[in-house]
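First up is the structure itself, then whatever we jot down about it.
Residue numbers (the working numbering): -3 to 144.
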């Protein structure tokens, strides 16, 4: 479990850095073509650091713990792996609320918190389907064959 999620965390950080690099050079080309300022020399490395730290914060602070809670819960009850999807989302929302309380110094503004939750399903869903999805599909197929 940890090896799979750790590998995906590294791949996500590399992908984010590649996207940032492409965006940076596209913006640099745009600045040169429009005769605008090209920015400071630390913009690209700072963006790379932000990509790595952002991936690490989301992966280690939300995605991996939420998937671990779902995996433990599912294995204890011997339910199908697809049950991990809603459990991991509920665990992620609880973790996200906990982190919001830590960084806000108390309970965050409800509207601000709900708006921040709007972006959560896409990265968490992508994370879950790429790390746990193949095993869940295999488990669903195995259970379907056993029932028929």
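Even glycine gets a Cβ: it sits at the ideal position worked out from N, Cα and C. Just so we're clear, the structure is a prediction, and the values are computed from it rather than from any experiment.
Separation of residue j from residue i, as counted between CA atoms
| i | j | result |
| --- | --- | --- |
| residue 12 | residue 20 | 12 Å |
| residue 138 | residue 130 | 12 Å |
| residue 14 | residue 144 | 46 Å |
| residue 120 | residue 38 | 30 Å |
| residue 211 | residue 110 | It is not possible to answer for residue 211, since the shown part of the chain is limited to -3 through 144. |
| residue 35 | residue 24 | 8 Å |
| residue 62 | residue 101 | 23 Å |
| residue 26 | residue 47 | 22 Å |
| residue 10 | residue 31 | 31 Å |
| residue 85 | residue 142 | 28 Å |
| residue 60 | residue 29 | 43 Å |
| residue 135 | residue 88 | 23 Å |
| residue 83 | residue 49 | 26 Å |
Contact check, residue i vs residue j, beta carbons under 9 Å
| i | j | result |
| --- | --- | --- |
| residue 113 | residue 92 | yes |
| residue 42 | residue 81 | no |
| residue 75 | residue 44 | no |
| residue 72 | residue 128 | no |
| residue 97 | residue 104 | yes |
| residue 55 | residue 5 | yes |
For residue i, the nearest candidate out of the options (CA to CA)
| i | options | result |
| --- | --- | --- |
| residue 58 | 142, 116 and -2 | 116 |
| residue 53 | 26, 103 and 99 | 99 |
| residue -2 | 40, 68 and 49 | 68 |
| residue 1 | 135, 136, 134 and 122 | 122 |
| residue 206 | 79, 33 and 90 | For residue 206 there is no data in the structure shown, the boundaries of the chain being -3 and 144. |
Rounded Cβ spacing between residue i and residue j (contact assumed at less than 8 Å)
| i | j | result |
| --- | --- | --- |
| residue 18 | residue 51 | Their Cβ separation, rounded to whole angstroms, is 16 Å, which puts residue 18 and residue 51 out of contact at 8 Å. |
is_contact[residue i, chain C] using C-beta, thresh 9 Å
| i | result |
| --- | --- |
| residue 8 | In the displayed structure, chain C is absent; only one protein chain is listed. |
Outcome for residue i when other beta-carbon atoms lying within 10 angstroms are tallied against a minimum of 16
| i | result |
| --- | --- |
| residue 22 | exposed |
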